[in-house]
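> Can you read through this structure? Questions will come right after.
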Amino acid sequence: MLKEFAQYLVSLKDNKTYNIHGDTYSDHDLVRIKPHIDRPANLSVSGLDSIVKLVRNELDMFENLPVFIRVDDARTVSVFTTYDDMMCRDSLYTAKCDVPGFRDGFREYEQAIIELRSKFSPGPGVDYLLDLLSRMSKDSGVTTRDNGVSQEVEARQGVSLKALVQVKPRVALRPFHTFLEVEQPVSEFLLRLDDDGNVGLFEADGGMWQQTAKASIAAYFEDKLAQEVKDGKIVVMM
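The opening residue of the sequence shown carries number 432 in my numbering; numbering runs sequentially from there.
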């Protein structure tokens, strides 16, 4: 009995197949154990210049060429190899932009002044907004007239002095949106001022700045790694 029971247990390990209506079925799940292959660990950096230095110094280490530089979005770049013999790619480097960025919405007068000076590239749009806000004070009474297209703001200073200011409905600004190695893209912003003097900035270009930023990043790599691109060792893409 023990011998027969042992033979029965052994038979349970056998992989049996059944043909049912032309399809083959197995009564065991087979799991493939992947062989161990040493692969490079992905290195994360914060600037485009770091990617250029890494590629230039380490490109000769990789047998599987070309190496691809992909601009994933305005704040992310990834670098990876082509397929190897196992049909796998190596993820080499990742660049993540660490600029503060800018968020839509209303902010208090003082906060708006700080953000205009710290989160935007200098330009006519910033100068216009700073000049506009300089005509207002936190203690001034503010009245707005809005017809949905343009807006007028009446800033009252003291008892008798009043200034009627025409506010542009759209202002072109260049917030720090992407890597500092490339020029920051221009975006149009809707400008709104409420009765409490809060300043509202709302992006109004439909996200087109992201495509501009991606194109600028790709052009940066094509310029800095021009010889490697020409030799077919590097492929830059969006």
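Backbone N, C-alpha and C define an ideal beta-carbon position, used for all residues, glycine too.
Does the beta-carbon distance from Glu-486 to Leu-632 come in below 8 angstroms?
Note that residue 486 is Val in the sequence shown here, rather than Glu. No, these two residues do not count as a Cβ contact at 8 angstroms.
> Which residue or residues does DSSP assign as beta-bridge partners of Asp-504?
Beta-bridge pairing links Asp-504 to Thr-507.
> What do you get for Lys-645, buried or exposed, if any count of 16 or more other CB atoms within 10 angstroms of its CB means buried?
Burial call: buried.
> Note the first and the last residue of the continuous beta strand (DSSP E) segment covering Lys-527.
Segment 522-527, the beta strand (DSSP E) holding Lys-527.
> In chain order, what residues of the same chain lie with their CB nearer than 7 angstroms to the CB of Thr-643, ignoring the 5 residues before and after it?
Excluding sequence neighbours, Thr-643 sits near Pro-616.
> Can you tell me whether Phe-551 is helix, strand or coil according to DSSP?
If DSSP states are grouped into helix, strand and coil, Phe-551 belongs with the strands.
> In this structure, does DSSP put Val-557 in helix, strand or coil?
Looking at Val-557 - three-state DSSP - the assignment turns out to be helix.
> So, with DSSP's three-state summary, where would you put Ile-468?
If DSSP states are grouped into helix, strand and coil, Ile-468 belongs with coil.
> State the DSSP-derived secondary structure class of Glu-541, mapped to helix, strand or coil.
In this structure, Glu-541 counts as helix in the three-state DSSP scheme.
> Can you check which of these residues, Arg-538, Phe-511, Phe-620, is closest to Val-666 by C-alpha distance?
Answer by Cα proximity: Phe-511.
> Buried or exposed: where does Cys-528 fall if 16 or more other Cβ atoms within 10 Å of its Cβ makes it buried?
Cys-528 comes out buried.
> Could you check what DSSP says for Tyr-514 in three-state terms: helix, strand or coil?
DSSP places Tyr-514 in coil when its eight states are reduced to three.
> Return the first residue and the last residue of the beta strand (DSSP E) that Asp-454 is part of.
Segment 454-457, the beta strand (DSSP E) holding Asp-454.
> What are the boundary residues of the beta strand (DSSP E) that includes Leu-496?
Element bounds for Leu-496: n/a, residue is neither H nor E.
> Using the Cα positions of Asn-629 and Lys-661, report the straight-line distance between them to the nearest angstrom.
Computed Cα separation, rounded: 53 angstroms.
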